[in-house]
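Residue numbers (this note's numbering): 13 to 313.
C-beta: ideal position from N, C-alpha, C; glycine also.
Below: one structure, written as structure tokens.
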Amino acid sequence: MNSPSDFPPPASSRFFTRNNHTQHYLDEGSGPPVVMLHGNPTWSFYYRNLVLALRDSHRCIVPDHIGCGLSDKPPASAYDYSLKSRIDDVEALLDSLNVTEKITLVVQDWGGMIGMGYAARHPGRIARIVATNTGCTRLPASKGFPWSLWLGRNTKLGEWLILKQNAFCRLAAKWCVTRKSLPPDVRAMYLKPYDSPEHRVAVLKFVQTIPLKPTDPGYDIVVGVEESAPKFRGVPVLLLWGMRDFVFDRRFLAEWQRLFPHAETHTWPDCGHYLLEDATDEAIGKVKEFLAKHPVSPISA
């Protein structure tokens with residue numbers, strides 16, 4: 013891959029159709045499967061450098077969630093933009109690919125709750141977990157809900173800003189890197205899939221469906237993920253954290269460490285939410301070291 017505009021390589025860009033919706037995913041390399049789940053408002057492009065680093069030794073499966081990246085972008089009337097649906101999508105994709113080996117989960121942002129929701133359903137299928145600037149618990153008690161997310165989640169003004177002005181995507185491309193600005197061509201690739209209000213429905217719904225209280229859809233899934241943590245005591249966990257993330261900050265990191273006290277942790281005080289952009293080589297180096305340290309037996313789940 014010579015430049016961001018070359019992404020994804022034609023050989024690895026594939027599509028899976030279920031319930032009349034087509035999901036784009038990458039399937040690169042061979043070896044123990046690594047499933048990389050992106051968050052909001054990114055897409056599989058976020059993992060491009062990690063795929064390049066791992067594809068010689070691992071099979072890298074990287075879906076675009078429905079409504080994101082190169083996947084279909086249906087209106088809310090045609091697709092249930094819920095946490096449960098997201099987990100169902102991952103489950104259906106992996107089943108369609110006949111992935112029988114244990115998988116390594118790599119998760120960021122919403123990918124954390126989606127991935128760990130899948131893991132809670134299938135704990136025996138999980139070989140290793142790599143989490144970076146994400147959550148898998150309820151909002152930490154000491155953490156206030158950020159005003160920018162509150163605005164988008166609860167107000168018509170926030171909805172208008174996200175859908176009509178593309179504010180969420182544009183500000184994320186600016187705020188989520190703190191060590192260095194995104195190069196113009198990379199920034200353009202993050203914005204490319206979300207080029208019209210109709211293509212930003214998923215961006216809005218990810219914000220609107222954040223489960224904060226017991227009556228919110230998906231809250232029960234979050235609680236179930238927390239309660240499933242003891243099932244992963246023998247699963248190696250790597251936590252990579254940009255400490256200048258204003259949403260998934262040290263409080264969220266502390267929750268991961270509480271649930272997985274055996275986890276290996278590395279932090280970057282000058283990096284933000286898009287750690288794989290801010291500290292590309294360093295973070296990928298830690299992932300490669302971790303995978304080498306904890307090889308996966310070639311047995312089926």
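Query: Coil, strand or helix - Tyr37 by DSSP; Result: strand
Query: Cβ distance (whole Å) where Ile230 is taken to contact Arg256 below 8 Å; Result: Inspection of the sequence shows that residue 230 is occupied by Gly rather than by Ile. Contact flag wrong, Cβ pair sits at about 27 Å.
Query: Neighbourhood of Arg71 by C-beta distance below 8 Å, restricted to the same chain and skipping five residues each side; Result: Asp39, Glu40, Gly41, Ser42, Gly43, Pro44, Pro45 and Val46
Query: Sequence-distant residues of its chain with Cβ nearer than 7 Å to Met13 (five each side left out); Result: Since pLDDT at Met13 reaches only 45, below the 50 mark, its modelled position is unreliable, and the value read off the structure follows with that caveat. Correct list, in chain order: Phe19, Pro21, Arg60 and Leu64.
Query: Residues near Ala295 in its chain [Cβ-Cβ closer than 6 Å; skip 5 each side]; Result: Leu252, Leu287 and Leu288
Query: Integer-rounded CB distance, given that Gly254 should sit under 8 Å from Trp280; Result: 5 Å
Query: Residues near Val151 in its chain [Cβ-Cβ closer than 8 Å; skip 5 each side]; Result: According to the sequence displayed, residue 151 carries Leu and not Val. Cβ within range, chain order: Phe157 and Leu224.
Query: Trp55, DSSP secondary structure in three states; Result: coil
Query: Local conformation of Leu287 per DSSP, three classes; Result: helix
Query: Start-to-end residues for the beta strand (DSSP E) that takes in Cys148; Result: Careful: Cys148 lies outside any beta strand (DSSP E) and carries neither H nor E.
Query: Secondary structure of Ser89, DSSP reduced to three states; Result: coil
Query: Closest residue to Ala51 among Arg262, Glu210, Pro195 and Phe180 (Cα-Cα distance); Result: The sequence shown places Gly at residue 51, rather than the Ala named in the question. Closest option to Gly51, Cα to Cα, is Phe180.
Query: Unbroken beta strand (DSSP E) run spanning Ile115, endpoints; Result: Ile115 to Asp121
Query: CA-to-CA distance, Lys186 to Leu106, given in whole angstroms; Result: 33 Å
Query: Straight-line Cα distance separating Leu271 from Pro242; Result: 8 Å
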